[in-house]
Amino acid sequence: MSILDIVHYGDPILKKKCNPVTDFKKITKIIDDMFDSMYEAEGIGLAANQVGLDMHLFVVDISHTDETDQTHIFINSTIMNKNDDEEYFQEGCLSIPGITLDVLRPKKITLKYQTPDQKWHEKKFDGLLARAIQHEIDHLNGVFIIDRVDHKHRKKYKKDLKSIASIQAKKRVEKKSKEKGFFL
Ligand SMILES: [Zn+2]
């Protein structure tokens, strides 16, 4: 088990469209690490690029609710259909600590995705699970909750976002220095 560092707003990997998973050989270990990292951070969902991995993969665990007892793994997923019925719900994000926003999203979606056994599925989701899926797929497309609210709201958080991004930039420099073998 390894706990991976959660990457924060400001890191370029959170702004890019993630690549599809083609090599499933090491996927089990990566998924285990992602669940461990998500639990450590007390999140209910985590996308691969939130731990610095450029892979179209995310995990969700909402087993604390009545909706489901299972954990969920979604690989190479696409939203095939969105219900016109939308609602606001307050969302937080492990990559933007300290900010929660009311985000408008469809209540129900149809998702096509792969599981670690490489099988394809097409299923309908609603409730908190549909909400978490849409939040994580946004991550894999380089979209933050802050991109889902109007300009006025976004402006309010400009300062906070700037400070999160500057801390993240410092972390990246420190990490690079370590990789090169010198410690400052
Ligand atoms: Zn998030």
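Here the sequence shown stands for residues 1168 to 1351, numbered as in the working numbering.
All residues carry an ideal CB built from backbone N, CA and C; glycine is no exception.
{"Check": "If you draw a straight line from the C-alpha of I1180 to the C-alpha of D1236, how long is it?", "Outcome": "31 angstroms"}
{"Check": "Can you give me the start and stop residues for the beta strand (DSSP E) that D1293 sits inside?", "Outcome": "Here D1293 belongs to no beta strand (DSSP E), and DSSP marks it neither H nor E."}
{"Check": "Between the C-alpha atoms of D1233 and F1292, what's the straight-line distance to the nearest angstrom?", "Outcome": "14 angstroms"}
{"Check": "Is DSSP giving L1220 helix, strand or coil here?", "Outcome": "coil"}
{"Check": "Sorry if obvious, but does the Cβ on G1117 come closer than 8 angstroms to a heavy atom of ligand 1?", "Outcome": "As shown, the chain starts at 1168 and ends at 1351. That puts residue 1117 outside it, with no answer to give."}
{"Check": "So if DSSP puts T1195 in a beta bridge, which residue, or which two residues, is it bridged to?", "Outcome": "In the DSSP output, where bridge partners are listed per residue, T1195 has none listed."}
{"Check": "Given a threshold of 16 other Cβ atoms within 10 Å of its Cβ, counted over all protein chains shown, does D1305 qualify as buried or as exposed?", "Outcome": "buried"}
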